[in-house]
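Residue numbers (my numbering): 8 to 65. Before any comments, here is the structure.
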């Protein structure tokens, strides 16, 4: 795909340097004893991405 107009930015992403140690997954235990993922942190060159699971029914 060739972009039509706009600016081309040089990407800092280096796929050969990607590693699985860049992300962390945190688990919580429900009242029934089930382990459930509640948060994920992903470290990238542009900063940290934090994903949280919020469920009031758990």
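The C-beta atom is built at its ideal place from N, Cα and C for all residues, glycine as well. These numbers were taken from a predicted model, which means no experiment stands behind them.
Whose C-beta lies closer than 7 Å to the C-beta of residue i among residues of the same chain, with five residues either side of it excluded?
i: residue 42; result: 34, 36
i: residue 19; result: 52
With a CB to CB cut of under 6 Å and the five nearest residues on each side skipped, what residues in its chain are close to residue i?
i: residue 57; result: 48
i: residue 32; result: 44, 47
i: residue 59; result: 46
Using C-beta distances below 8 Å, list every residue in its chain close to residue i, excluding the 5 sequence neighbours before and after it, in chain order.
i: residue 51; result: 29
i: residue 55; result: 48, 49
field: Unbroken stretches of the alpha helix (DSSP H), 4 residues or longer, contained in the segment 25 to 50
entry: Counting whole runs of 4 or more residues, the segment 25 to 50 contains no alpha helix (DSSP H) stretch at all.
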